[in-house]
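*Asks:* For any residue, its number in the numbering used here is found by taking its place in the sequence shown, counting from 1, and adding 32.
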Amino acid sequence: VGDPLLIAVNNASPAADNALASRIGFDAVMAYASPMFTGLLPGPHPDAAQVLDAERRAWAARLAHSRLPPLVTASIGYDAWPWSGVEAGYHLDARAWRELLHQSFVRAQALPPGQPGHALLYVDNWNEYGEGHVIEPSLAWGSSALDVLGEVLRQGR
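#1: Do the region 167-185 and the region 80-91 make contact, defined as three or more Cβ pairs closer than 8 Å?
#2: The beta strand (DSSP E) spanning Asp156 covers which residue range?
#3: Leaving aside the five residues before and after Pro46 along the sequence, list all residues of the same chain whose C-beta is less than 6 Å from its C-beta, in chain order.
#4: Write down every uninterrupted run of the beta strand (DSSP E) in the region 96-158 whose length is 3 residues or greater and which is fully enclosed by it, in chain order.
#5: Are the Cβ atoms of Ser107 and Asp49 separated by less than 8 Å?
#6: What number of angstroms, rounded off, separates the C-alpha of Ser175 from the C-alpha of Ala151?
#7: In angstroms with no decimal places, state the Cα-to-Cα distance between Asn159 and Pro144.
#8: Beta-carbon separation of Ala63 and Leu37 under 8 Å?
#9: Residues bridged to Ser170 by DSSP?
#10: Among Leu185, Gly34, Asn43, Ala96, which one has its Cα closest to the Cα of Ser136?
#11: Closest by CA to Gly188, which one among Gln141, His165, Gly162, Leu171?
#12: Rounded to the nearest angstrom, what separates Ser170 and Arg127 at their Cα positions?
#13: Rounded to whole angstroms, what is the Cα-Cα separation between Glu81 and Asn43?
Here is the structure:
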């Protein structure tokens, strides 16, 4: 199995070099629901195309700037309201979620084979209802998020 991986979370700038985390001994860096925290979205209620574009730009920036190998994260959504009272966020429908997962697998597999992110994709998040990134079956979305994830996995990504 090998040694445990230490994964740092940096949701701020995708252009961060993560030097301190690297010096401490972390093995990789990841960010969840990153479009909401990077300043790459055009406004508080982006459409799916804007979210996917922000994800692509954040991935490229992390790869270019981080001293730690990045992990690719696929986040179905984010809702700022429950914690902050700010109306901002997004939730990807099944089509956009499928596209994000496909793009995520392609990006992960393009990383060098020795990097943790080549063989590991962080799917965010089973039941984070407080932030709106939920793949668990629910009354609001049924099982569509898991159905799509299973479909993408069965297709070999």
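Here a beta-carbon is modelled for each residue, glycine too, at the ideal position from N, C-alpha and C. Bear in mind that the values here come from a model prediction, so they are computed numbers and not experimental data.
*Replies:* If we stick to the structure as given:
#1: no
#2: 153-156
#3: Result list for Pro46: Thr70, Ala90, Ala93, Arg94, in chain order.
#4: As far as the region 96-158 is concerned, its whole beta strand (DSSP E) runs of at least 3 residues are 104-107, 109-111, 121-123, 153-156.
#5: no
#6: 26 Å
#7: 31 Å
#8: Contact annotation: Ala63 and Leu37 have beta-carbon atoms that are not nearer than 8 Å.
#9: Gly174
#10: Among Leu185, Gly34, Asn43, Ala96, the Cα nearest to that of Ser136 is on Leu185.
#11: Measuring C-alpha to C-alpha distances from Gly188 to each of Gln141, His165, Gly162, Leu171 identifies Gln141 as the nearest.
#12: One C-alpha to the other measures close to 18 Å.
#13: Residue identity check: residue 81 is Ala in the sequence provided, not Glu. Cα to Cα, the separation comes out at about 21 Å.
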